[in-house]
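Engineer:
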Amino acid sequence: MAGIAYSEPLSAVCIATLAADALRSEVWLTPKPGLVDSINKGSHSDMDLPLFLRSIDAITPWLYQFYALGQQDFLQPAKAMLMRIRPTGIACEQAMFGATQGVNTHKGGIFSLGLLCTAAGRISAHRHPLTRRGICREVAAMTQGLIERELQSCRQPLTAGERLFVAHGMTGARGEVQSGFLTLRRHVLPYWYQENNPERRSLNALLRLMAYNPDTNLVSRGGLNGLHFVQDYARRLLKKGWQKEDLQEMDRQLIARHLSPGGSADLLAIANVLMAFPT
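Below, the structure written as structure tokens:
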């Protein structure tokens with residue numbers, strides 16, 4: 174399964190449907206170096222494809238709730254929305270953990286896609302056209318100051334994200350949403366149609382993410398050396414041209430090092446949603 178196509182006009186397709194389909198498209202995409210796909214578990218001992226599919230089924234109803242909240246509260250200031258949707262985000266995470274028996278399959282995806290769906294709801298309620306630029310701008314507006322509030326002011330880091338910010342200045346998913354998905358807009362979306370085949374298009378987008386995304390999942394597992402190993406590997410493949418055999422070998426190399434670019438997988442799902450809309 175690769176790429177997302179709809180017979181209905183996009184105005185009739187709720188972005189929550191797009192988001193759920195993007196999550197399914199991402200997990201089925203194969204081969205994905207270090208990640209769960211239809212062939213293996215990647216670098217994970219506690220995750221597999223059926224677990225991811227159960228997780229997506231649990232998450233999907235909540236994506237519509239995010240969209241509905243965006244529509245309902247569209248007159249609220251953008252900066253007020255993060256706190257208004259946080260209870261829904263927590264409930265969505267609990268549904269995920271219930272479906273996976275406590276395994277964190279999509280926490281990062283819930284955070285980013287929840288914001289994306291909320292932004293789309295707000296834009297639609299304002300009767301503005303849904304565009305990539307408009308959605309990214311609204312997500313950035315809703316998360317303005319997030320890094321300063323949750324990372325720069327953190328005195329006793331407790332979470333992995335907080336510890337990585339203190340140690341390396343890495344902002345992870347928070348930085349990505351506050352920037353309006355800058356990594357995607359700079360390194361992935363402009364190159365989306367370099368590949369004509371939908372499956373190669375998604376795999377190439379993933380490679381570009383692995384090459385340029387400062388993925389905190391990789392640093393958590395392998396330190397900065399692990400991040401640089403994956404980035405350098407992906408850039409070499411992009412430069413020389415790649416085939417599936419190259420990705421299969423990269424998969425073996427990442428599994429041997431217990432490296433998993435989970436942050437890039439989340440961003441690939443975001444990219445699939447954004448590319449369904451005009452610039």
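Under my numbering, think of the first position of the sequence shown as 174, with each following residue one higher. All residues carry an ideal CB built from backbone N, CA and C; glycine is no exception.
#1: Return the chain-ordered list of same chain residues with a C-beta closer than 7 Å to the C-beta of Gly282, the five sequence neighbours on each side being excluded.
#2: So, does the stretch 242-255 touch the stretch 192-212, judging by three or more C-beta pairs under 8 Å?
#3: From the DSSP output, in three-state form, read off Cys290 for me.
#4: Any idea if Leu248 is buried or exposed, counting beta-carbon neighbours within 10 angstroms, 16 or more meaning buried?
#5: Does DSSP classify Lys205 as helix, strand or coil?
#6: Report buried or exposed for Glu321, applying the criterion of at least 16 other Cβ atoms within 10 angstroms of its Cβ.
#7: Which same chain residues, not among the five before or five after Leu355, have their C-beta less than 8 Å away from its C-beta?
#8: Does the stretch 302-314 come close enough to the stretch 205-222 that 3 or more CB-CB pairs lie under 8 Å?
#9: Are the CB atoms of Leu337 and Gly460 within a distance shorter than 8 Å?
#10: Return the chain-ordered list of same chain residues with a C-beta closer than 7 Å to the C-beta of Tyr364, the five sequence neighbours on each side being excluded.
#11: Take Met256 as the anchor and find which of Gln421, Phe402, Met383 and Leu288 has the nearest alpha-carbon.
#12: Compute the Euclidean distance between the alpha carbons of Leu226 and Asn213, then round it to the nearest angstrom.
#13: Give the single residue among Thr273, Met343 and Gln367 whose Cα lies nearest to the Cα of Asp219.
Structural biologist: Walking through what the data contain:
#1: If you number the sequence shown from 1, residue 282 lands on position 109. So the list reads Leu196, Asp439 and Ala442, once near-sequence residues are dropped.
#2: With a cut-off of 8 Å, the stretch 192-212 and the stretch 242-255 do not count as touching, because too few Cβ pairs lie within range.
#3: The residue you call residue 290 lines up with position 117 of the sequence shown. Assigned with DSSP and collapsed to three states, Cys290 falls in helix.
#4: Here residue 248 refers to the residue found at position 75 of the sequence shown. By the 10 Å Cβ count, Leu248 comes out exposed.
#5: Translated into positions along the sequence shown, residue 205 becomes position 32. Lys205 sits in coil when the DSSP states are folded into three classes, being neither helix nor strand.
#6: Position 148 of the sequence shown holds residue 321. With a 10 Å radius around the Cβ and a threshold of 16 neighbouring Cβ atoms, Glu321 comes out exposed.
#7: Position 182 of the sequence shown, counted from the start, is the residue given in the question as residue 355. Shown here for Leu355: same chain residues with a beta carbon closer than 8 Å to its own, the five before and five after excluded, namely Glu349 in chain order.
#8: The way I'd put it, the stretch 205-222 doesn't touch the stretch 302-314; fewer than three beta-carbon pairs between them come closer than 8 Å.
#9: Any answer about residue 460 is impossible in this case: the structure gives the chain only from 174 up to 452.
#10: Working through the sequence shown from its first residue, we reach residue 364 at position 191. The residues are Arg381.
#11: Reading the sequence shown from its first residue, position 83 is the one you call residue 256. Nearest Cα to Met256 within the set Gln421, Phe402, Met383 and Leu288: Leu288.
#12: Counting from 1 along the sequence shown, the entry for residue 226 is found at position 53. Counting from 1 along the sequence shown, the entry for residue 213 is found at position 40. Approximately 14 Å between the Cα atoms of the pair.
#13: Stepping through the sequence shown from its first residue, residue 219 is reached at position 46. Between Asp219 and the set Thr273, Met343 and Gln367, the nearest pair of CA atoms involves Thr273.
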